[in-house]
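Colleague: One point on numbering: in this note's numbering, the residue at position 37 of the sequence shown is 73, and numbering is uninterrupted. Every residue, glycine too, gets a C-beta built ideally from N, C-alpha and C. Got a structure here, written out as structure tokens. Questions coming.
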Amino acid sequence: MNKDEWLAKAMGDDSVNEMATKAGISSATAWRQYNNALGFTAENVILIARAYRKNPVSALVAFGYLRPDEPASAGTEKALRNASDDELMDEMARRLANGAAARNQRWESPITFNPEDLGIVANMNPDKDAEANTPDE
């Protein structure tokens, strides 16, 4: 849905002045932005959406302030953070069973441990417990 369609659907039969009043925007600002190819600022798009009880994120997408894929990715990140360990493991098992290994070759090889990758090589010196020689004074 483009911004023209979104705004027409949200406003219904309201005038620009009525929309401005409901959204808490000055009429002059509303008319200026309306007459500028619906060049409403992101802040005003949010105010208008809230005034008409519409989803502000959908409005920001319609007006071009967000790409259509961005709202979904935010929801995915939040869902992943809120998922329990069991839920994450169940999802991993489901993906592996459905061929994740075929899509990503990293799943084909075992996990290996290399102490150098962790920067702990210095602690693996067999002489680490030997006493240091101090010069005689």
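Provide the residue span of the alpha helix (DSSP H) that contains M47, from first to last.
Modeller: K39 to M47
Colleague: Identify whether K114 lies in helix, strand or coil by the three-state DSSP scheme.
Modeller: Residue state for K114 is assigned as helix, using DSSP reduced to three classes.
Colleague: Tell me the DSSP secondary structure of N91 in three-state form.
Modeller: Correct three-state label for N91: coil.
Colleague: Name the residue from R103, E106, L96 and Y70 whose alpha carbon lies nearest to the alpha carbon of I82.
Modeller: L96
Colleague: Please report the straight-line C-alpha distance between A133 and R117, rounded to a whole angstrom.
Modeller: Rounded to whole angstroms, A133 to R117 spans 23 Å at the Cα level.
Colleague: Check each candidate in E113, S94 and G48 and name the one with the smallest Cα separation from P104.
Modeller: Comparing Cα positions, the closest option is S94.
Colleague: Looking at the secondary structure, which residues open and close the alpha helix (DSSP H) in which Y70 lies?
Modeller: In the DSSP annotation of this structure, the continuous segment of the alpha helix (DSSP H) that includes Y70 starts and ends at S63 to N71.
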